[in-house]
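In the working numbering, the protein residues as written are 191 to 385.
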């Protein structure tokens, strides 16, 4: 099937609900003040696209990829397909930045986030599983009920972050930075009793 191409376009103030977009390629496009709710993409490609002040809710994908996307002031709710959007080869980055975003009920599985800057974002009730988060920055992030499982968080910075749930036995944690008193929450995963 032939792809539809969009290049260097500004897509602004659009609302999409319960639609499926198939076989489209977006290159250097900017999505501004757009809303995507219960949408699905199939066989689509997004390269160097920017999303500004967008709402992306319950988004799903199949056979699609995102490369070097930037999200600023976006609400990303119920996005569980991030790892399905990794570029071919799984070594290139699908996400270049999150800035001032609110992420809730997101799943990040087997994603490369080494040296990624998450500071300034709110991440709630989400999960990072089997991700490379070495030297990543989560400083001052509200991370309420956000879980880290089987991740590499060596040298990551969690100072002044709040609400995270890090499973000590399953994560690589050496030289990660934490602040007191929030760091005491790490002891929950050890199932010990503190009197």
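For glycine and all other residues, C-beta sits at the position ideal for the given N, C-alpha and C. Source: prediction; values computed, not measured.
- Here residue 273 is near residue 300, since their CB atoms are less than 8 Å apart.
- Per DSSP, the beta bridge partners of residue 266 are 246 and 293.
- A distance below 8 Å separates the beta carbons of residue 221 and residue 201.
- For residue 226, the enclosing beta strand (DSSP E) has its first and last residue at 225–227.
- The beta carbons of residue 264 and residue 241 sit about 5 Å from each other, so the pair counts as a contact at 8 Å.
- Checking the DSSP bridge columns, you'll see residue 303 has no partner listed.
- Within the DSSP secondary-structure output, residue 236 pairs in a beta bridge with 216 and 256.
- Residue 274 carries a helical assignment under DSSP once its states are collapsed to helix, strand and coil.
- Counting only residues of its own chain and dropping the five nearest sequence neighbours on each side, residue 196 has a CB closer than 8 Å to the CB of 214, 215, 216, 217 and 219.
- One alpha carbon belongs to residue 286, the other to residue 378, and they sit about 33 Å apart.
- Burial of residue 324 is indicated by the presence of at least 16 other C-beta atoms within 10 angstroms of its C-beta.
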